[in-house]
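So the structure is just underneath, and the comments pick up after that.
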Amino acid sequence: MLIEKKKGSKVREKVFVSKKLGNLIRTTRENRKWTQEQCAEEVNLSQATISRLELGADDFNKEIVVSVCTFLEIDFEKIYEEPQLINTNFIIEELGMIEAEMQEDPKTAVERFRELEQIYKHTGEVLLIVQLYGSYLRGKFYNSKGDQREAIKQFELAVHIGESYLLSLNQTNLLAASYYELSRTMNKQNQLQKAISYANQGIKFFDQDGDRSYVYYLLHIIKASILEKMSEYGQALSIVEKLWQERSYQMFSDCRLNLYQLKVELYIRIRRYPEAIPIALEGLQFARLENNPDRKFELMSSLGEVHTRLGSLSTGQKYYELAQKLEGKIANKTLIITSYTNLGEIYLQRNDLDNAKKTLEPLLKSIERMGEESEGYRLCKALVLVGEIYYQLNKYKKAKVYLESALELANEYGIDEIKQSIIVLCVGICKCLKLTELDQYIGILLEMRYNRTSMGGDEYMFHNDPPES
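Going by numbering that gives the first Met the number 0, 263 is the number at position 264 of the sequence shown; the sequence numbering is gapless.
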């Protein structure tokens with residue numbers, strides 16, 4: 000039991016109320032037909048205190064707990080159990096179980112961690128491993144809720160703890176894993192310099208003799224993915240080719256499939272289209288065997304892109320339509336936007352305005368539903384496509400609304416290749432509507448020295464989504 004003394008006050012003894020004891024208090028009260036309000040009034044406490052007590056997993060003044068137990072005729076001395084200290088290996092195993100549960104039931108996992116954390120807070124044994132693991136787990140929890148801002152705070156806290164106690168904690172490789180998650184988040188936000196810096200820090204602190212060997216591969220894959228976005232194709236491909244030799248072992252399946260996707264993307268970037276096809280098909284077989292719909296979607300989309308770039312629009316369309324059929328199965332719902340965007344672009348290339356128009360409704364619904372969760376690149380491309388379809392339908396005012404939204408995103412995330420396409424369309428709209436903004440857009444266009452081609456730049460480029468750690 001802890002002894003707490005505040006300045007100018009008497010010594011107070013604190014006890015840890017477990018969930019088991021809290022549940023006993025609640026069931027006893029309910030069996031005696033007492034409400035929380037009545038119980039609180041009898042023992043001169045607030046209803047909120049009774050509620051917290053019944054939830055358990057927290058510290059309380061012993062006199063409060065004893066008074067409630069006495070009122071409910073519970074023998075506190077007989078029922079109370081001191082929290083037992085456990086060895087470090089057991090702690091790590093317990094935390095690992097909580098992390099595994101995080102994927103299936105994040106809320107329950109966080110509650111379990113909170114209880115474990117309170118035990119060590121109560122005994123004065125606030126172990127560094129619990130603090131580090133806790134920040135990492137909370138970061139993953141907030142990521143699962145789509146709260147990137149809070150997730151970043153937690154991962155940054157994990158980094159601070161990990162670097163402050165490097166000798167004690169580095170073997171866990173949670174520091175490297177936290178850097179990976181920060182890099183992954185910055186990559187999604189298109190903050191590429193920050194993303195590459197975090198990836199390099201993760202590689203620097205990775206302990207090859209430590210736990211979580213897979214983090215080594217994640218860090219190098221995210222680095223290659225970022226370099227691809229930075230148009231450093233040679234460096235990115237060099238990393239991928241090195242990892243490629245080891246792809247049949249040491250990596251978990253999603254990591255290996257992401258490597259396939261990344262290699263296909265890089266081959267598309269450097270226009271080695273025929274070589275990309277067998278790699279994508281092999282990856283697709285593994286994705287099918289391992290029942291990984293997200294990676295199947297990515298690889299099918301890339302196959303659609305390869306065939307489109309080779310001039311086989313009908314084959315490209317078939318692959319995009321196959322990918323679209325996975326909509327109900329994929330976990331990463333932001334991919335849905337890409338599915339409709341790819342198909343819409345194909346329809347425009349084939350001058351099939353009827354089918355292009357049919358993509359508008361589902362695409363707009365996807366934008367509305369997933370807008371805040373989508374990474375900027377996917378959302379920006381989708382908005383451009385909507386604008387371009389309306390442009391082709393001669394609905395210039397509607398087109399301008401979506402293109403201006405896309406331009407804001409392109410400026411925010413620094414997506415220059417998409418920005419160029421937007422400006423070209425805006426110039427066309429201003430000409431048709433005789434708007435005074437025409438000169439402004441032409442000025443931007445001249446400054447960017449943009450010369451648009453029917454298949455230029457990254458018009459169909461699909462960006463992979465690196466896996467969670």
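A virtual CB, placed ideally from N, CA and C, is assigned to each residue, including glycine.
Query                                                                                                                                                             : Result
Measuring only the C-alpha atoms, how far is residue 275 from residue 319?                                                                                        : 16 angstroms
With a threshold of 16 other CB atoms inside 10 Å of the CB of residue 277, please say whether the residue is buried or exposed.                                  : exposed
Considering only the beta carbon of each residue, do residue 503 and residue 422 sit closer than 8 angstroms?                                                     : Only positions 0 to 468 of the chain appear in the structure, and residue 503 is not among them; the question remains open.
Determine the extent of the alpha helix (DSSP H) in which residue 185 is found, giving its start and end residues.                                                : 173 to 187
Nearest-angstrom Cα distance between residue 124 and residue 53?                                                                                                  : Interpretation of residue 124 is limited by its pLDDT of 42, a score under 50 that renders its predicted location unreliable; the figure taken from the coordinates is listed afterwards. Looking at the two C-alpha atoms, the distance is approximately 24 angstroms.
If you count every other CB in all the chains shown that lies within 10 Å of the CB of residue 63, and 16 or more means buried, which is it?                      : buried
Below 8 angstroms between beta carbons: does that hold for residue 129 and residue 116?                                                                           : yes
Can the beta-carbon of residue 296 be found closer than 8 angstroms to that of residue 256?                                                                       : no
DSSP three-state label for residue 309, please.                                                                                                                   : coil
If you check the beta carbons only, do residue 383 and residue 363 fall under 8 angstroms apart?                                                                  : no
Please classify residue 150: does DSSP put it in a helix, a strand, or coil?                                                                                      : helix
So what's residue 107 in DSSP terms, helix, strand or just coil?                                                                                                  : helix
What do you get for residue 171, buried or exposed, if any count of 16 or more other CB atoms within 10 angstroms of its CB means buried?                         : buried
Between residue 254 and residue 180, what straight-line distance do the alpha-carbon atoms span, to the nearest angstrom?                                         : 14 angstroms
How about residue 204 and residue 174: are their beta carbons less than 8 angstroms apart?                                                                        : yes
Between which residues of its own chain and residue 42 is the CB-CB distance below 6 angstroms, once the five residues before and five after are set aside?       : 66, 67 and 70
Take the Cβ of residue 166 as the centre, count every other Cβ of all protein chains shown within 10 Å, and call the residue buried at 16 or more, exposed below. : exposed
Quick one: what's got a C-beta closer than 6 angstroms to residue 198's C-beta in the same chain, skipping five residues either side?                             : 182, 218, 221 and 222
With 16 other CB atoms within 10 Å as the buried threshold, where does residue 341 fall?                                                                          : buried
Taking 7 angstroms as the limit between beta carbons, can you name the residues of its chain near residue 105, skipping five residues before and five after?      : 140 and 143
In the DSSP assignment, the alpha helix (DSSP H) including residue 490 goes from what residue to what residue?                                                    : Absent from the structure is residue 490, since the part of the chain shown begins at 0 and ends at 468.
Report yes if the CB atom of residue 392 is closer than 8 angstroms to the CB atom of residue 352, and no otherwise.                                              : yes
How many Å lie between residue 24 and residue 330 at the Cα?                                                                                                      : 41 angstroms
Going by DSSP, what residue range makes up the alpha helix (DSSP H) through residue 486?                                                                          : This structure leaves residue 486 out entirely; the chain is present only between 0 and 468.
If you draw a straight line from the C-alpha of residue 287 to the C-alpha of residue 100, how long is it?                                                        : 25 angstroms
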